[in-house]
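Sequential numbering from 1 applies to the sequence shown in the numbering used here. Glycine included, each C-beta is placed from N, C-alpha and C at the ideal position. If you're wondering where the values come from, they're calculated on a predicted model, not measured in any experiment.
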Amino acid sequence: PQNESAEKRAELLKDALPGVLSEYFDDDDAALKELVSGMTSTPFKKGDVLVHKKSPLQAFVIIAEGTVQATNISSGGRDYEDLSIGPEEAQSSFGWQSIVAGTKLEDRMIGTIVAVTDGTALVISRTAFVKALHIEEHHDVAVALQRVAAKRLARIQLKQIAIFRDSNLNSMQINLLLDCCHHYEYGEGEV
């Protein structure tokens with residue numbers, strides 16, 4: 001992917017974006033072209049740490065070649081299973097949530113990203129991502145994307161609870177269950 005065409009990069013980008021984000025782009029979209037032109041290609045070697053847990057991630061990263069693994073994942077006091085990321089995996093990118101959510105401590109990486117094989121990452125900076133989507137100019141877009149990021153994290157957390165992990169619930173059923181739930185954070189000493 002060091003020399004891949006703009007069309008190939010656009011295809012990788014659209015495949016890597018979560019479905020709800022890809023609806024912001026079409027094939028002739030200036031924002032998509034702007035994101036593609038802002039990509040940098042970064043090679044990695046097996047064993048390289050791409051991102052450390054609790055680090056702020058200021059980029060959207062697409063694994064164009066190779067495989068990386070999110071390890072040591074924890075959030076909300078729970079530990080989660082390792083997650084493989086790459087073009088042949090269920091997920092081929094990471095980092096869009098931290099771009100959308102900001103850089104508060106609780107929005108930092110919830111795991112360490114380690115290269116399982118040699119490969120190449122396509123990296124889009126937070127600045128380029130925010131500029132292309134006009135997030136700072138359109139508060140409604142920012143709020144919608146923050147909701148998507150929060151719901152995705154809630155879905156991951158729910159799927160890690162044994163009764164749901166071991167169930168035969170599909171993604172739609174998990175989403176419907178989440179729609180019936182609400183999140184409340186208790187302060188210290190509250191019951």
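Which term fits residue i, buried or exposed, when burial requires 16 or more other beta carbons within 10 angstroms of its beta carbon?
{"i": "M172", "result": "exposed"}
{"i": "T112", "result": "buried"}
{"i": "Q97", "result": "buried"}
{"i": "L176", "result": "exposed"}
{"i": "E65", "result": "buried"}
{"i": "A70", "result": "buried"}
{"i": "I161", "result": "exposed"}
{"i": "I163", "result": "exposed"}
{"i": "G119", "result": "buried"}
{"i": "A6", "result": "exposed"}
{"i": "A30", "result": "exposed"}
{"i": "G189", "result": "exposed"}
{"i": "R165", "result": "exposed"}
If I'm right that residue i touches residue j with Cβ under 8 angstroms, what's the distance once you round it to whole angstroms?
{"i": "A16", "j": "S93", "result": "4 angstroms"}
{"i": "F60", "j": "I85", "result": "Between I85 and F60 the Cβ distance is about 13 angstroms, and since that is not below 8 angstroms, they are no contact."}
{"i": "F44", "j": "A115", "result": "5 angstroms"}
{"i": "A121", "j": "T42", "result": "5 angstroms"}
Starting from residue i and walking both ways along the beta strand (DSSP E), at which residues does that stretch end?
{"i": "T120", "result": "119-125"}
{"i": "A70", "result": "68-71"}
{"i": "E65", "result": "59-65"}
{"i": "S37", "result": "Unbroken run through S37 is the alpha helix (DSSP H), 30-37; no beta strand (DSSP E)."}
{"i": "I113", "result": "112-115"}
For the alpha helix (DSSP H) containing residue i, name the first residue and the last one.
{"i": "I163", "result": "162-165"}
{"i": "A6", "result": "6-16"}
Counting contacts by CB-CB distance shorter than 8 angstroms, is residue i in contact with chain B?
{"i": "G189", "result": "In the structure shown, chain B does not exist; there is a single protein chain."}
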